[in-house]
Every structure is written in structure tokens, then in C-alpha cells.
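In the working numbering, the protein residues as written are 12 to 135.
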């Protein structure tokens, strides 16, 4: 199981992103992928801002149509864990990165991310 980060989702829908081909390959695999709702919101907003609403709508529909991808909302305990991770991190993790870290810990999963800071935060 993988927990998607905005860096991977954005790369999937931006052909000019240096990680585009790798992102496509990752999403073609059948491993289950969870997209936390906070990451979904950040990604759709980023695509909307950089590429326009039409591309954001297409990206959202494409993700929702993938059978191995689930959009999930955190419960209050997971949100609190994310907040604690954000506050306690000695690295420069953003709150969305902290959400991915907490989901990875909760689900014993690995991040689907091209963000080295995030990836190093989930290594044990």
C-alpha cells in the first residue's frame, strides 16, 4: 500500500514534470494507493492554479476512476497525529507532508512521493 503525496499526483498530470514518466508507471501498477483528502485538495488546487480548471477536473475524474486508488478522509486521531508530527518535526515538513507521514505510520505503508524530505521522514 502507498500513500500518495502531491508531488506524485502533480507529476502524473503534468507532462513537463521531470517525474512524469515515473509517476505514470507507479499509477499503472495495481498496488493500492490511498489519497488523503488533504492531499487531494492540495493537488486539485495546484493543478487548477497552474494548468486551469479544465485540467483539474480531468485529473480528479481520472484519479476517481482508478480501481486501486481510494480517496480517504482522516479521523480525528489521524488529524491529531498529523498535527503532532508537524509541530514536532525537526525537519522542515509542511502540514500536508505531515499528513502523509501519519497515514504511512497508521497504515504501515510507504509514501508515493518525489519529495526527498518527505521520503526520508518515513524511513525507519
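Backbone N, C-alpha and C define an ideal beta-carbon position, used for all residues, glycine too.
I believe residue 126 touches residue 16 by the beta-carbon criterion, under 8 Å. Please report the beta-carbon distance rounded to the nearest angstrom.
Yes, they are in contact, since the Cβ atoms of residue 126 and residue 16 sit about 6 Å apart, within 8 Å.
Quick one: Cα of residue 74 to Cα of residue 80, how far?
Computed Cα separation, rounded: 7 Å.
Rounded to whole angstroms, what is the Cα-Cα separation between residue 136 and residue 100?
Missing from the structure shown is residue 136; the chain here goes from 12 to 135 and no further.
For residue 31 and residue 48, what's the separation of their Cα atoms in angstroms?
Straight-line Cα distance between these residues: approximately 22 Å.
Ends of the alpha helix (DSSP H) at residue 15?
Where residue 15 is concerned, there is no enclosing alpha helix (DSSP H), although the beta strand (DSSP E) it sits in stretches over 13–15.
Tell me whether the beta-carbon of residue 38 lies closer than 9 Å to the beta-carbon of residue 62.
Not in contact: residue 38 and residue 62 (Cβ atoms no closer than 9 Å).
Quick one: Cα of residue 109 to Cα of residue 64, how far?
So the alpha carbons of these two residues sit roughly 27 Å apart.
Whose CA, out of 92, 26, 18, lies closest to the CA of residue 53?
Taking only the C-alpha atoms, the option nearest residue 53 is 18.
Could you give the uninterrupted runs of the alpha helix (DSSP H) lying entirely in the stretch 36–68, keeping only those of 4 residues or more?
Qualifying alpha helix (DSSP H) stretches, in chain order: 48–62.
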